[in-house]
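S.K.: After the structure tokens below, expect a handful of questions from me.
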Amino acid sequence: MLDAEDGAFEFVAVDENDACGLCYTSGTTGNPKGALYSHRSMVLHALMIGVTMQSSMRTGRRILPVVPLFHANAWGLAHAPLLAGASLVMPGPRLDGASLWDLMAEEDVFSAWGVPTVWLGLLEEIRARGGAPVTLKEMVVGGSAAARALIAEYESFGVNVCHAWGMTETSPVATLGLLSPQHDNLSNDEKLDLKTTQGRRVFMTDLKIVDEAGERLRHDGVATGELFVRGPLIVSAYHDNPQASEEAIDAEGWFGTGDVASISPEGFLTITDRAKDLIKSGGEWISSIDVENLALAHAHIANCAVIAVPHAKWDERPVLVVVASVDDPDKVSIQAHLTENLAKYQVPDEIQFVEDLPLTATGKVSKMTLREKFKSLKLD
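Written as structure tokens, this is what we have:
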């Protein structure tokens, strides 16, 4: 490919505010909406990633993006590593655990980025082989919340896990779960408490949470509300869609994410749930993420999702959809595990076993598909 070119290409001079790339949201709520990135925002985002992720964004490092380039520019990996002098190792279509393990070992991968579904598959391979690839020291998890048990086990194999959060509309990285030197003296459990959050805001991105009336809430780690973000890396409008823009972005330029969250005094963001994935049962809210994280700690569960199913008395009730890690999963044991660790109203009414969970194009579990599949499930 390189030999076919003469090296005489001249870049066209453009204004930094000209359009650089167009990515659409996944369309999990309504029709897909376009986020049109400028050259300026892309350069700023690449610089921000380079400054923040200094462990991997340096000459000689090899980074594996197990996330498609069409998924918000592979979370910034389309630009940031190349700017910093790091190399990209592209995985191709084989994303099973064995193929990823072999590729990481063969190509001396230091850092790998992807969604929890992918890392669950790799973890099975790491267990089978008795360890992670020798050079793998860093893993960035995003797209959806990573369970505490997943993070803890990777850390036990010597892989530092960094939880990240962002959206197509945030260029996309908005928070990163990197710990600071002042956290070195914390216990392992205390460090895990921080690593299971979505981390702290990155440079040039501001966060706030608001109540149903739009009033700003305190960052005390207790109050929860809708998360809003603002900054030069955040969309100011959706492409050619004034109605959606007006609905999502307020007069002060804050973008409403649709996530429900809390923010600690130290700035650590905890996503409680997507607003559409919260389950309201008898007037009480249930976080599907909390139940999923607890369920994943059970030895018979390889992956799972919690969805709301209509209920005549309680309006909605949670149902746990499970991909088992063993041939004969013990439903009674799973139910007991949940009952011991959750309030009674939070315990799923039903456990459904499936061969696999439906995924969106970006590798997230499609709860919309699951809700449609189980909407006629009869609950007592």
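Each residue of the sequence shown is one higher than the last, beginning at 843 in this note's numbering. Glycine residues also receive a C-beta, built at the ideal position from the N, C-alpha and C atoms.
1. Between PHE851, LEU1036 and TYR1080, which lies nearest to SER1022 when the distance is taken from Cα to Cα?
2. Assign VAL893 to one of two classes, buried (16 or more other C-beta atoms within 10 Å of its C-beta) or exposed (fewer than that).
3. Less than 9 Å between the beta carbons of VAL931 and ALA974, yes or no?
4. How would you write the range of the beta strand (DSSP E) that ARG1060 sits in, first residue to last?
5. Among the candidates TRP917, THR901, ALA1154 and ILE1051, whose CA atom is the shortest distance from the CA of PRO907?
6. Taking 8 Å as the cut-off, does the CB of SER1129 come closer than this to any heavy atom belonging to the ligand SAH?
7. If you reduce the DSSP assignment to three classes, tell me which class ALA855 lands in.
8. List the DSSP bridge partners of ILE1121.
9. In terms of residue numbering, what span does the beta strand (DSSP E) encompassing ILE1149 cover?
10. Alpha carbon to alpha carbon, how far is SER880 from ALA940?
11. If you follow the beta strand (DSSP E) that MET884 is in, where does it begin and where does it stop?
12. Could you tell me which of ARG1060, TRP1096 and LYS1033 sits nearest to THR1047, measuring between CA atoms?
13. If we count the other Cβ atoms within 10 Å of its Cβ and call it buried at 16 or more, is SER883 buried or exposed?
14. In angstroms, rounded to a whole number, what distance separates the CA positions of TYR866 and PRO910?
15. Determine which residues share a DSSP beta bridge with THR1112 and list them.
16. Assign MET843 to buried or exposed, taking buried as 16 or more other Cβ atoms, counted over all protein chains shown, within 10 Å of its Cβ.
17. How many angstroms separate the CA atom of GLU1032 from the CA atom of MET981?
18. CA-CA distance, ASN915 and TYR1080?
19. So ILE905 is in the beta strand (DSSP E); what residue range does that whole segment cover?
20. Mind listing, in chain order, the continuous beta strand (DSSP E) runs of no fewer than 3 residues lying wholly within the stretch 924–958?
21. Using 8 Å for Cβ pairs, my map puts GLY1041 next to PHE1110. What's the rounded Cβ distance?
M.R.: If we stick to the structure as given:
1. For this step, residue 1022 is matched to residue 180 along the sequence shown. Across the set PHE851, LEU1036 and TYR1080, the C-alpha of LEU1036 shows the shortest separation from the C-alpha of SER1022.
2. Here residue 893 is taken as the residue at index 51 of the sequence shown, counted from 1. Of the other Cβ atoms in all chains shown, fewer than 16 fall within 10 Å of the Cβ of VAL893; this residue is therefore exposed.
3. The sequence position of residue 931 within the sequence shown is 89, counting from 1. The sequence position of residue 974 within the sequence shown is 132, counting from 1. No, Cβ-Cβ distance for VAL931 and ALA974 is not below 9 Å.
4. The sequence position of residue 1060 within the sequence shown is 218, counting from 1. No beta strand (DSSP E) holds ARG1060; DSSP gives it neither H nor E.
5. As a working mapping, residue 907 is identified with position 65 in the sequence shown. Among TRP917, THR901, ALA1154 and ILE1051, the Cα nearest to that of PRO907 belongs to TRP917.
6. Judged by which ligands are present, the structure shown has none, so any question about the ligand SAH falls away.
7. Translated into positions along the sequence shown, residue 855 becomes position 13. Three-state DSSP puts ALA855 in coil, outside helix and strand.
8. As a position in the sequence shown, residue 1121 is number 279, starting the count at 1. Paired residue(s): ILE1128.
9. To locate residue 1149, count along the sequence shown from 1; it is residue 307. Residue range 1143–1153 is occupied by the beta strand (DSSP E) that includes ILE1149.
10. Numbered from 1 along the sequence shown, position 38 holds the residue referred to as residue 880. Numbered from 1 along the sequence shown, position 98 holds the residue referred to as residue 940. Distance from the CA of SER880 to the CA of ALA940, rounded to the nearest whole angstrom, comes to 38 Å.
11. Counting from one through the sequence shown, the residue named residue 884 turns up at place 42. That residue, MET884, is in no beta strand (DSSP E); its alpha helix (DSSP H) goes 881–894.
12. The sequence position of residue 1047 within the sequence shown is 205, counting from 1. When each option's Cα is compared against that of THR1047, the closest is TRP1096.
13. In the sequence shown, the residue the question calls residue 883 occupies position 41. Under this definition SER883 is a buried residue.
14. Numbered from its first residue, the sequence shown carries residue 866 at position 24. Numbered from its first residue, the sequence shown carries residue 910 at position 68. One C-alpha to the other measures close to 13 Å.
15. Locating residue 1112 in the sequence shown gives position 270, where the first residue counts as 1. Bridge partners of THR1112 according to DSSP: SER1104.
16. For the purposes of this step, residue 843 is taken as residue 1 along the sequence shown, with counting starting at 1. Under this definition MET843 is an exposed residue.
17. Translated into positions along the sequence shown, residue 1032 becomes position 190. Translated into positions along the sequence shown, residue 981 becomes position 139. Straight-line Cα distance between these residues: approximately 19 Å.
18. The sequence position of residue 915 within the sequence shown is 73, counting from 1. The sequence position of residue 1080 within the sequence shown is 238, counting from 1. The alpha-carbon of ASN915 is positioned some 17 Å away from that of TYR1080.
19. Taking the first residue of the sequence shown as position 1, residue 905 is located at position 63. Where ILE905 is concerned, the enclosing beta strand (DSSP E) stretches over 904–908.
20. Runs found: 953–956.
21. Position 199 of the sequence shown, counted from the start, is the residue given in the question as residue 1041. Position 268 of the sequence shown, counted from the start, is the residue given in the question as residue 1110. Their Cβ separation, rounded to whole angstroms, is 7 Å, which keeps GLY1041 and PHE1110 in contact under 8 Å.
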